[in-house]
Amino acid sequence: MKTGLRYILQIVNYSIFMLIIWYFSVAPAYNHLAPCQAVIVLAFGHAGQPISECRKRTPEELAALPPNMRNPMVCPRERSPIEVELLLDDQPLFVETFSPQGVSGDWGVDVYQKFKVPIGQHNLKMRLKDSVRAKDFNYVHEVDMELIAAQLLVIDFQADKGGFNVK
Amino acid sequence: MKNFFHKPIKYTYLYIDAWFNFAFGTKNNPLYHLGSLAFFMLWIVLISGLYIFIIFDTSITGAFQSVEYMTNEQWYLGGVMRSLHRYASDATLVVVLLHIIREFSLDRYRGFRWFSWFTGTPNLWLIVLLGISGYWLVWDQLAQYVAIGSSQLLDALPIFSGAMSRNFLVGNLSDRFFTLMAFVHLLGLPVMLVFGLWIHVKRLTKVEVFVPKTLAIGSFLALLILSLVKPAISHAQADLTIIPTLLNLDWYYLNVYPLLDYFTAGETWILTIGISTLLMLMPWLPIKRTPPAVVVDLNNCNGCSQCFDDCPFDAISMQARTDGARWKMEPVVDPNLCAACGICVGSCPYSNPSRRSEVKLATGIDLPEQPIHQIRTATKTALTELSSSKVKILIFGCSHGVNLTEINAPDVAIITLPCTGMLPPAFIDYTLQRGADGVLISGCRSQDCYYRFGNHWLEQRIKGDRTPILAKRVNREKFDFVGYAETDEAQLLQNIATIRQRITEGQG
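Order-wise, the sequence lines are chains A and B.
One rule links them: number in the numbering used here = place in the first sequence (from 1) + 693.
Take the second sequence: its position 387, counted from the start at 1, is 368 in the numbering used here, and no numbers get skipped.
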């Protein structure tokens, strides 16, 4: 009788254990994104323009250098910070200035930003300034779009291909 | 303060433990085999994983299809293997968490045990990382969610140049990334885990790697039935043009990702690393003092190596004799590893209380804080105090079972040891010969010795299966060896009453 009861209790214990294993392996379901939302991702890698123009070295400067290093042009290593603005329906969605990376500030920046936005018709303005010498944003783009639920809209930026690209 | 929080947790655990002892018996109580159960689950994960690897296609386009094929077309084998792989992985983590809870509840993580606890935390990380990388390989929408979340976390570390998350935008992902992940999941992390587990048990001897057969069969059958009733299935195929919305997360492994919806990646790192660091530092919160290590006395040691065989914590090694005695070997104690349990004292053939009865009892290896001579003196004193009593019962109890100080009976004397394994069996004979009517040895619950093997070794010594053995002439009716936890005081009192009645009837 006692052995039989023990076997039953073992089955009960194993069943409870497996129930716990199974349940939390799939539940409770997690709603990562509300049904009325889409996502905009701003993702690019870009190096700002040098902080100042290249210039010619003077004859005195050249003479002071070892012969194998007498490059007539000298260019600053440091890059300009990159200013980015995203306006969704003329409201700021993202406004940020990225400082150049690296010890000498001569690296580019890598950007990955994600925004959950409501679905529907929107106007998106994108602006980027990558030179301290430019007075205003030197890359500007604008799109009208309709976002559907769970849509992923990617904003890319490639200076050599004209700037912003929305896909 | 610590006791205020700790005691309810400990008592809750002990009641659950008692329930499992009733259902499974002490030898097959899963709570006593959580470490080896985790190993067993990892074996299932390994074998099922090898089969999955045969069918699995490590490419973006092929990964999902190959998993779908084994789940649907070959459900009877590939599907079952996949489900076993999933559920055994989940069970591994649950068993490991129970292992942590158990060691915490029973205060088996501080003092000399700090090393096992401290080195266990990185293994927990490795197991979780194995699970995460496994989910990644399925390349369904859950995998997509995990991949992007993981990339966000990695991007927040100042290790990688470039935004890794950009790999998971349309057109950016290549098969090479999948090959890397397959390498990490199939070889990199498993090798690191095996190494980590080896370190984790480095300070233990006779590590139980294989779970008892009954428990192995029961666990495997349970997992198999679960795999057939609720087979593991995938989400829809990954689609980098959309964001996965409703996800059936595996909360055992993927619980960190929802945090990214509430905290930044940096904050999530601080939270997880903070919790892990706190977990690792638990052995010092607060510090638990370990008594001074045992000391070897070569004048009373014949190098039999029984102490070396019996030490549960690898604190004793044997080396060539250094004192010129005729014996070949001598034990050497590493004080950093010694738990001061006294099990080696109980195993030493020189710890016989009948030796040199008129002078100080010296043995080959002894505890500085509670030497064997002191225990013999305490035994003599206790018997003297009981001499006027009609019934004389002497209890040798360990300090990790029932709280013996609360037992107050005029015909009972109590001698507390760090562990019942410290009691040389000859003490039973000695005590009975010196006038005790009954001897009760009260250790930790059977199979659950605080010092791993103390009650097990003593049981073997009493049975004659392990030296030093209990002399055959000793009347087995006159002593009992029981195992109780703090919550079992009523049962111990019942035992004492039974012994008292037996003695009284015998005297009548």
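In this text, a Cβ means the ideal position worked out from N, Cα and C, and glycines have one as well.
None of these values were measured; they are calculated from a predicted model.
The three-state secondary structure of ILE223 of chain B, taken from DSSP, is strand.
Three or more beta-carbon pairs drawn from the region 844 to 858 of chain A and the region 730 to 745 of chain A are found closer than 8 Å, and the two stretches are therefore classed as touching. For the 8 Å CB-CB criterion, LYS822 of chain A and GLU776 of chain A form a contact. For LEU207 of chain B, a Cβ of chain A is located within less than 8 Å of the residue's own Cβ. Residues of the region 736 to 765 of chain A that bring their beta carbon within less than 9 Å of a beta carbon in chain B comprise ALA736, PHE737, GLY738, in sequence order.
Taken atom to atom, the span from the alpha-carbon of LEU840 of chain A to that of PHE149 of chain B is near 20 Å. With a cutoff of 8 Å on beta-carbon distance, GLY402 of chain B and ASN456 of chain B are scored as not near each other.
The straight-line gap separating the alpha-carbon atoms of GLY798 of chain A and PRO774 of chain A is approximately 9 Å.
In terms of CA proximity to SER40 of chain B, B:ALA163 leads the group B:ALA163, B:SER17, B:HIS80.
In this structure, LEU758 of chain A lies away from LEU817 of chain A, with their beta-carbon atoms at least 8 Å apart. Comparing alpha-carbon positions, the option among B:ILE(-10), B:GLY6, B:LEU(-5) lying closest to ARG699 of chain A turns out to be B:GLY6. Under the three-state reduction of DSSP output, GLY152 of chain B falls in the coil class, being neither helix nor strand. Residue burial annotation: THR102 of chain B is buried, with at least 16 other C-beta atoms found within 10 angstroms of its C-beta.
Along the length of the region 391 to 479 of chain B, whole beta strand (DSSP E) runs at least 3 residues long occupy 393 to 398, 419 to 424, 460 to 464, reported in chain order. Within the same chain, Cβ atoms closer than 6 Å to the Cβ of ALA213 of chain B are found at ARG63, SER64, ARG67, the five residues on either side in sequence being excluded. Using a Cβ-Cβ distance cut-off of 8 Å, the region 398 to 415 of chain B and the region 437 to 457 of chain B are in contact, since at least three pairs of beta carbons, one from each stretch, lie closer than that value.
If you look at PRO103 of chain B, you'll find it isn't in any beta strand (DSSP E); it sits in the alpha helix (DSSP H) that goes 95 to 118. Runs of the beta strand (DSSP E) spanning 3 or more residues and lying entirely within the region 332 to 392 of chain B occur at 374 to 379, in chain order. Closest in alpha carbon position to LEU154 of chain B, among B:TYR411, B:ASP136, B:GLN125, is B:GLN125. By the Cβ-count criterion, ALA4 of chain B is buried, with 16 or more other Cβ atoms from all chains shown falling within 10 Å of its own Cβ.
Taking a C-beta distance under 8 Å as the contact criterion, ALA390 of chain B and ALA363 of chain B do not qualify as a contact pair. By alpha-carbon distance to LEU15 of chain B, the top candidate from B:VAL26, B:THR52, B:VAL192, B:LEU87 is B:VAL192. Membership of MET838 of chain A in the beta strand (DSSP E) is indicated by the continuous run 832 to 840. For ASP290 of chain B, the uninterrupted alpha helix (DSSP H) run begins and ends at 287 to 291, by DSSP.
In this structure, ARG820 of chain A keeps its C-beta atom at 8 Å or more from the C-beta atom of VAL810 of chain A.
Pairwise C-beta distances place the region 336 to 350 of chain B in contact with the region 279 to 290 of chain B, as three or more of them are shorter than 8 Å.
Taking each of B:GLN355, B:LEU107, B:VAL109, B:PHE85 in turn and checking the Cα distance to TRP98 of chain B, the smallest one comes out for B:PHE85. Within chain B, the C-beta atoms nearer than 8 Å to that of HIS725 of chain A come from TYR126, ILE224, PRO225, THR226, LEU227, LEU228, PRO239, ASP242, in chain order. Taking HIS166 of chain B as reference, the option from B:ASN384, B:TYR(-8), B:GLY112, B:VAL372 with the minimal CA-CA separation is B:GLY112.
Proximity of the region 262 to 276 of chain B to the region 316 to 328 of chain B meets the contact definition, three or more beta-carbon pairs being nearer than 8 Å. ALA197 of chain B and THR52 of chain B have their C-alpha atoms spaced approximately 25 Å apart. Listed as beta-bridge partners of ALA731 of chain A by DSSP are A:VAL810. At least 8 Å separates the CB of SER792 of chain A from every CB of chain B. Taking a C-beta cut-off of 8 Å against chain A, the contacting residues of the region 45 to 74 of chain B are ARG67, TYR68, ASP71, ALA72, listed in chain order. A direct Cα-to-Cα measurement between PRO721 of chain A and GLY419 of chain B gives close to 58 Å.
A residue is called buried when at least 16 other Cβ atoms come within 10 angstroms of its Cβ; SER792 of chain A does not meet this threshold and is exposed.
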